[in-house]
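Written below as structure tokens is the structure these notes are about.
Residue numbers (the UniProt record's numbering): 1 to 559.
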């Protein structure tokens, strides 16, 4: 029987060499581990980054001039104890603060779907600002849970469930390090896991490993010798007595209660390299956390736990303030209450729940309010804004300057009309300023009344033998009214014309003009008359024939 074969050979798979190279590279690839460092500015993040990556710490001068990026990044290779093989590539991501413009960039660099199982979060708190601990913890822990949920896809939900089971198994299998060998136990007891205690691992549904690192712990007991805000508690209490220790222990109890709810560890750090090395060892211990044991094992089948490449042998420490070490899985409500009597871990746990629930309408005090009574805010307040520059209303400004000018007569131009006698010694002028001696208001009023009378009163100007209609002798063709006012150039005669003993009588300079007119109206009518005098004089000369001796007929008849 012949086997039928296709006439055309099968086509080779596409990208054959690419698939072969990818399989080889994946078999030899170095696993990647990420640490997400979260904290506010000047909280000591750069010191922790240098310790995690085992790189030298930057000088203080360089640190002051360092520019923070929106997302900081650095990496280093993690090698085994013999420094022979590279076990992982450790990457550290940092953000300057909790501003949404910064933390919104992190999911683009650390997508939870691909990095959740290999990421550790370290929240940095600053002991020089202890009054911000609870508020900052709430901000960062809430963001971590939001980041881990991602887009809510089915694939991500499976990864989150796997991560939570792994962290829960780690908490349940925790055993305190001991120098003495543990007694052998039977297989039934070794495979039996006790449930978690009250208040333990009630949050952090995605199982993200978390470490809360309180930096600058060496400043806790510095007292008040330093300036406010630079010492450990910022001048929270006076002295180092029982009240001081009671409050610092209370802060630690609150932090441990919150960390217990999230399955997180608590560390106090100082700039000492030995202290920071302990933090690095525990961070690698959590990053290389083995997966959870298979739940389908029977009681007779004991599954040996996978060995952690970086075991953590440091014992818990809750007594030394600058070297606090509380690993995840060791703490409990009972151990927290032993530190200081009178602390209610359950009450603080419920207060934390009230702060996280935005729809809570019970009105009970939350953790932030209760913590503020324990640690009052001693931070430096920003300087108050200057008072609003409210401009002076326009009318008020003008009224103020009016009153000032009214007290000084030399600033008011109307003073020349109010007290004309003060200007009696001024220089004479025919058509000078309003305050000159040639325009005394009584003379102006008298001249206007005489010009209005016209030819019917030829001698009304008070000049004997005067002829109103006579042709002016001046070559300047001055109007008749001005010719009658004064043809002399003697200053004394002009001053005498403005003397108080003028025909106008005493006080005539301030009395109303003819017909009850005011001084301003009289002055206005005077200038209007000057403009029309030339035309009126010309018309009068045309109607009256001139005599050989230069006198008019009306004058001759009256003589």
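All C-beta atoms, glycine included, are put in the ideal place defined by N, C-alpha and C.
| Check | Outcome |
| --- | --- |
| Nearest to residue 213 (by Cα), restricted to the options 518, 403, 47, 523 | 47 |
| C-alpha distance - residue 287 paired with residue 137, whole-angstrom precision | 21 Å |
| Neighbourhood of residue 79 by C-beta distance below 7 Å, restricted to the same chain and skipping five residues each side | 85, 86, 87 |
| For residue 374 and residue 32, the rounded distance between their alpha carbons | 42 Å |
| Where residue 16 falls, given that 16 or more other Cβ within 10 Å makes a residue buried | exposed |
| Same chain only: Cβ atoms within 6 Å of residue 462, ignoring 5 sequence neighbours per side | Note that residue 462 scores 41 on pLDDT, short of 50, meaning its location in the model is unreliable and no value can be drawn from it. |
| Neighbourhood of residue 281 by C-beta distance below 8 Å, restricted to the same chain and skipping five residues each side | 310, 312, 314 |
| Rounded straight-line distance, which links the Cα of residue 29 to that of residue 18 | 16 Å |
| C-beta atoms of residue 198 and residue 333 nearer than 7 Å | yes |
| Exposure of residue 345, with buried meaning 16 or more beta-carbon neighbours within 10 Å | buried |
| Cβ contact (3+ pairs, closer than 8 Å) linking the segment 157 to 170 and the segment 98 to 116 | yes |
| Cβ-heavy atom distance, residue 216 to the ligand NAD, below 6 Å | Judged by which ligands are present, the structure shown has none, so any question about the ligand NAD falls away. |
| Reference residue 330, options 244, 341, 317, closest by Cα | 317 |
| Residues near residue 324 in its chain [Cβ-Cβ closer than 8 Å; skip 5 each side] | 214, 217, 252, 266, 267, 268, 317, 318 |
| Element boundaries [alpha helix (DSSP H), containing residue 34] | From DSSP, residue 34 is part of no alpha helix (DSSP H) but of the beta strand (DSSP E) over 32 to 39. |
| Nearest residue (CA-CA) to residue 350, options 366, 154, 20, 39 | 366 |
| Own chain residues within Cβ distance below 8 Å of residue 156, not counting five before or after | 112, 113, 116, 149, 150 |
| Under the three-state DSSP convention, the category residue 268 falls into | strand |
| Residue interval of the alpha helix (DSSP H) (run including residue 324) | First-last for residue 324: undefined, no H or E at that position. |
| Extent of the continuous alpha helix (DSSP H) run through residue 49 | 45 to 53 |
| For residue 276, the nearest candidate out of 391, 43, 49 (CA to CA) | 49 |
| N-terminal and C-terminal residue of the alpha helix (DSSP H) that residue 278 is part of | 273 to 287 |
| Whether residue 322 touches residue 270 by CB criterion (7 Å) | yes |
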